[in-house]
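Colleague:
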Amino acid sequence: MSQNQQVIETLYSSFSRKDYKGMAACYHPDATFTDEAFNLKSAKEIAAMWHMLIESGKDMRMEYRDIEADQQSGKAHWEAYYSFSRTGNKVHNIIDATFEFKEGKIIRHRDYFNFWRWAGMALGMPGKLLGWTPLIRNKVQKTARENLDKFIAKHPEYS
């Protein structure tokens, strides 16, 4: 297994153990993370996001596979199973991740998933009917950012 494959393996094995500190250690200080809900510009924000998601995901479990990486980039597939905290609805999110590396750490992490599918599970009927619209996506992004900001305010180690 290459060094960068090992970084991805460490990220997801830490996640499966709900070890947010282990996850944070995988990111370069200048790392960025994007997905359908978050657009994060620092390793501290990324660490706070994982900490928040692990803390709020009491019944969360995840599986990962298909880790590949070379000297510059990598990818993996992972799936998360959890109850969405706002509605209590069960979610099975299917995610493909891409990575870029710098100095043996993740510098760019991008998670791709079907937002409409996710919105239908997480938000119920409003997500099924309107999950494809910018209205729902923008609301989810705004709420995710607000929740992360509140979490960071309560955890000064991320400020």
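Counting along the sequence shown from 1, when you hit position 31 you're at 31 in full-length UniProt numbering, and nothing is skipped either side. Idealized CB from N, CA, C, for every residue including glycine.
Could you compute how far the alpha carbon of Asp96 sits from the alpha carbon of Phe33?
Modeller: Distance between the alpha carbons of Asp96 and Phe33 is about 13 angstroms.
Colleague: Helix or strand or just coil, what does DSSP make of Glu36?
Modeller: Here Glu36 sits in coil by DSSP.
Colleague: Rounding to the nearest angstrom, what Cα-Cα distance links Phe15 and Leu129 in this structure?
Modeller: Taking the straight line from one Cα to the other gives about 32 angstroms.
Colleague: Could you give the C-beta distance for Ile67 and Gln5, rounded to a whole number, given that I count them as a contact under 8 angstroms?
Modeller: Yes, they are in contact, since the Cβ atoms of Ile67 and Gln5 sit about 5 angstroms apart, within 8 angstroms.
Colleague: From Gln3 to Met125, what distance separates their C-alpha atoms?
Modeller: Rounded to whole angstroms, Gln3 to Met125 spans 44 angstroms at the Cα level.
Colleague: Using a Cβ-Cβ cutoff of less than 7 angstroms, which residues in the same chain neighbour His28 once the five nearest sequence positions on both sides are dropped?
Modeller: Ala43, Lys102, Glu103, Lys105, Ile106 and Ile107, listed in sequence order.
Colleague: For the beta strand (DSSP E) holding Asn93, just list the boundary residues, first then last.
Modeller: It spans Lys90 to Lys102 - the beta strand (DSSP E) in which Asn93 sits, taken as one unbroken run.
Colleague: I need the DSSP call for Gly131, collapsed to helix, strand or coil.
Modeller: DSSP places Gly131 in coil when its eight states are reduced to three.
Colleague: CB-CB under 6 angstroms to His92, same chain, minus the five flanking residues each way: which ones, in chain order?
Modeller: Closer than 6 angstroms at the Cβ level, and outside the excluded window around His92, lie Tyr81.
Colleague: Taking Ile136 as the reference, give the member of Ala119, Ala76 and Ile152 with the closest Cα.
Modeller: Among Ala119, Ala76 and Ile152, the Cα nearest to that of Ile136 belongs to Ala119.
Colleague: Between Asn123 and Thr98, is the Cβ-Cβ spacing less than 8 angstroms?
Modeller: Here the sequence assigns Leu to residue 123, which means Asn is not the residue at that position. Their beta carbons are not under 8 angstroms apart, which means Leu123 does not touch Thr98 by this criterion.
Colleague: Can you pull the DSSP bridge partners for Pro65?
Modeller: According to the sequence shown, residue 65 is Arg rather than Pro. Arg65 pairs with His77.
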